[in-house]
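S.K.: Going by my numbering, the first residue of the sequence shown is number 63, and it counts up by one from there.
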Amino acid sequence: MCSSDLSSLALDHGLVSDYSTAQEMYESAYADMRVPASGATPLDVIGALVGISWTLRLRGKFDDAGNVAEDARDYGQNSSGLGAEHLYTLRCVNAYLIACRRLPEKRQDALEEGRRVQDLATRRHGESNPDTLAIAIAMSSLMRTIGVSYHEEALKLAEITVDRFAAVYGRDHPYYYGCLTNLALLKRVTGDADAARLLNQEAFRGLTVGLGPSHHYTLTAATNLASDLAALDRMAEARAIGEDTLQKLTAQLGPAHAHTLGCAANLALDVIVAGDKEEGKELQAETLRLLADTYGEESPDYLVAASGNRLDPDFDPPAI
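(1) Are there three or more Cβ pairs, one per stretch, closer than 8 Å when the segment 190 to 206 is compared with the segment 144 to 156?
(2) Hey, residue 378 and residue 200 are a contact pair by Cβ (cut 8 Å); roughly how many whole angstroms apart?
(3) With a CB to CB cut of under 7 Å and the five nearest residues on each side skipped, what residues in its chain are close to residue 325?
(4) Identify, in the order they occur along the chain, each residue of the same chain with its Cβ nearer than 7 Å to the Cβ of residue 114, setting aside the five sequence neighbours on each side.
(5) Quick test of your reading: residue 108 and residue 137, contact by CB under 8 Å. State the CB separation rounded to the nearest angstrom.
(6) Would the beta-carbon of residue 291 fall within 8 Å of that of residue 280?
(7) Tell me whether residue 249 is buried or exposed, calling it buried when 16 or more other Cβ atoms sit within 10 Å of its Cβ.
(8) Between 298, 359 and 332, which has its C-alpha nearest residue 371's C-alpha?
(9) Please go through the same chain and pick out, in chain order, the residues whose beta-carbon is closer than 6 Å to the beta-carbon of residue 318, but skip the five residues on each side of it.
(10) Can you find at least 3 beta carbon pairs, one from the segment 240 to 247 and one from the segment 209 to 226, that sit closer than 8 Å?
(11) By DSSP, does residue 154 sit in helix, in strand, or in coil?
(12) Flag this pair as yes or no: are the beta carbons of residue 293 and residue 255 separated by less than 8 Å?
(13) How many Å lie between residue 73 and residue 105 at the Cα?
(14) Work out the CA separation of residue 225 and residue 313 for me, nearest whole Å.
(15) Report the rounded CA-to-CA distance for residue 289 versus residue 211, giving the unit in angstroms.
(16) Where does residue 43 land, buried or exposed, given buried means 16+ other C-beta within 10 angstroms?
(17) Between the beta-carbon of residue 112 and the beta-carbon of residue 381, is there less than 8 Å?
(18) Going by the beta-carbon positions, is the gap between residue 177 and residue 207 smaller than 8 Å?
(19) Going by the CB atoms, is the gap between residue 217 and residue 259 shorter than 8 Å?
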C-alpha cells in the first residue's frame with residue numbers, strides 16, 4: 063500500500079475513534095514518505111504530520127501533538143514551497159492552535175497567531191471554506207479556554223461559524239452537531255445553561271442517529287449535556303447520563319483517556335451532590351490519581367478537577 067493510501071486509511075480509523083491504529087498508520091506513512099525517491103509530495107507529508115498531531119491530541123498526548131503540529135507548520139511555511147497562504151499550510155497552523163488550547167503557557171501566543179491565520183484564510187479561501195470554518199471554530203474554543211474576558215467574543219464567533227457549518231455541510235452532518243456542542247458549551251459558561259441543554263440535546267440526538275450511541279463525538283455531546291443538566295439542578299438526569307457515558311467512554315477510549323477522566327470527574331461531583339458522598343469521593347480520588355499519573359498534577363485537567371470544577375470536552379472537525 064502506498065503511503066498516501068495508508069494515510070487515507072488512517073483517517074478512516076480516526077473517524078471511527080480508533081486513534082491508536084490511526085496514529086500507527088500515519089506514522090508508518092510518514093516514515094515511507096521520508097525514504098529517498100518515495101515520490102511523496104509536500105501535500106502528502108503535511109497530511110501525514112497533521113494526522114499524527116490529530117491522533118496524538120485525541121489520545122491525550124498534548125505536548126507531543128503540539129510539537130508535531132509545530133513541525134508541520136514550519137515545514138509548510140518555510141521548507142516545502144507551499145507558502146503561508148496554501149490551504150495545507152493553514153491546516154498545519156490550525157493543528158498547532160488546537161494543540162495549544164491544551165497547553166496554557168502557549169494559549170496567548172496561539173491566539174495572536176490564530177487571529178492572523180483566520181484573517182488570511184478568510185481573505186484567501188473565503189469565509190465558508192471548510193478549513194476557514196475549522197480555524198474559526200478552533201479560535202472560539204481557544205478564546206473560551208483563555209479566560210472570561212474572551213467569552214462574549216468567542217460566543218459570537220461560534221454562533222456565526224455554526225450557522226456556516228450548517229450551510230456548507232448540512233444540518234445532519236456530524237461536524238455540524240460537533241460544533242453545536244462547542245456553541246452549547248459557550249452558552250453555558252456565559253450563563254445560559256438551558257439554551258446549552260437544548261443545543262446539546264439536539265447534538266446528542268443527531269450524533270446518535272448518524273454515528274451511533276458509542277461514538278466519541280456522541281459521547282462528547284453526552285458529557286456536556288450532563289453538565290448542562292447539573293447546572294440546572296436536574297441532578298438525577300445528569301447522574302444517569304454521566305454513568306452511562308462513563309461506561310461507554312471507558313469501553314471506547316480506555317479508562318485513562320482525557321475525555322473518560324473528564325466524564326468521571328464530573329460524575330463524581332454529581333454523585334456527591336446527590337448525597338452518595340462516599341461513592342463520589344472514592345470516584346473523585348481515583349480519577350485524580352489517574353489524571354496525575356497520566357497527565358501530571360500541573361496539567362489543566364488535573365487542576366480543574368482538583369479544584370472541584372467541571373471538565374468540558376470540545377470538538378474540532380478533522381480535515382477530510
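Backbone N, C-alpha and C fix where the C-beta goes; we use that ideal spot for every residue, glycine too.
M.R.: Reading from the atomic positions:
(1) The segment 190 to 206 vs the segment 144 to 156: in contact.
(2) Along the sequence shown, read from residue 1 onward, the residue named residue 378 stands at position 316. Along the sequence shown, read from residue 1 onward, the residue named residue 200 stands at position 138. About 6 Å separates the two Cβ atoms, so the contact holds.
(3) Looking up residue 325 in the sequence shown gives position 263. Answer for residue 325: 285, 304, 307, 308 and 311, listed in chain order.
(4) Counting from one through the sequence shown, the residue named residue 114 turns up at place 52. The answer, listed in chain order, is 85, 88, 89, 92 and 130.
(5) In the sequence shown, the residue the question calls residue 108 occupies position 46. In the sequence shown, the residue the question calls residue 137 occupies position 75. About 7 Å; that satisfies the 8 Å criterion.
(6) On the sequence shown, residue 291 is found 229 positions in, with the first residue counted as 1. On the sequence shown, residue 280 is found 218 positions in, with the first residue counted as 1. Taking C-beta atoms as the reference points, residue 291 and residue 280 fail to come closer than 8 Å.
(7) Here the question's residue 249 lines up with position 187 in the sequence shown. Looking at its Cβ environment, which holds 16 or more other Cβ atoms inside 10 Å, residue 249 is buried.
(8) Position 309 of the sequence shown, counting from 1, holds the residue named residue 371. Measuring C-alpha to C-alpha distances from residue 371 to each of 298, 359 and 332 identifies 332 as the nearest.
(9) Your numbering for residue 318 matches position 256 in the sequence shown. Within the same chain, Cβ atoms closer than 6 Å to the Cβ of residue 318 are found at 352 and 356, the five residues on either side in sequence being excluded.
(10) A contact exists between the segment 240 to 247 and the segment 209 to 226.
(11) To locate residue 154, count along the sequence shown from 1; it is residue 92. In the three-state DSSP reduction, residue 154 falls in the helix class (H, G or I).
(12) The residue labelled residue 293 in the question sits at position 231 within the sequence shown. The residue labelled residue 255 in the question sits at position 193 within the sequence shown. Yes. Within cutoff.
(13) Reading the sequence shown from its first residue, position 11 is the one you call residue 73. Reading the sequence shown from its first residue, position 43 is the one you call residue 105. The straight-line gap from Cα to Cα measures roughly 15 Å.
(14) As a working note, residue 313 is residue 251 in the sequence shown. As a working note, residue 225 is residue 163 in the sequence shown. Going by the C-alpha atoms only, they are around 33 Å apart.
(15) Within the sequence shown, the letter at position 227 stands for residue 289. Within the sequence shown, the letter at position 149 stands for residue 211. Note on geometry: alpha-carbon atoms of residue 289 and residue 211 lie some 22 Å from one another.
(16) With the chain covering only 63 through 382, there is no way to say anything about residue 43.
(17) For the purposes of this step, residue 112 is taken as the residue at position 50 of the sequence shown. For the purposes of this step, residue 381 is taken as the residue at position 319 of the sequence shown. Note that the C-beta distance between residue 112 and residue 381 is below 8 Å.
(18) Looking up residue 177 in the sequence shown gives position 115. Looking up residue 207 in the sequence shown gives position 145. Contact: no.
(19) Here residue 259 refers to the residue found at position 197 when the sequence shown is read from its first residue. Here residue 217 refers to the residue found at position 155 when the sequence shown is read from its first residue. Taking 8 Å as the Cβ cut-off, residue 259 and residue 217 do not qualify as a contacting pair.
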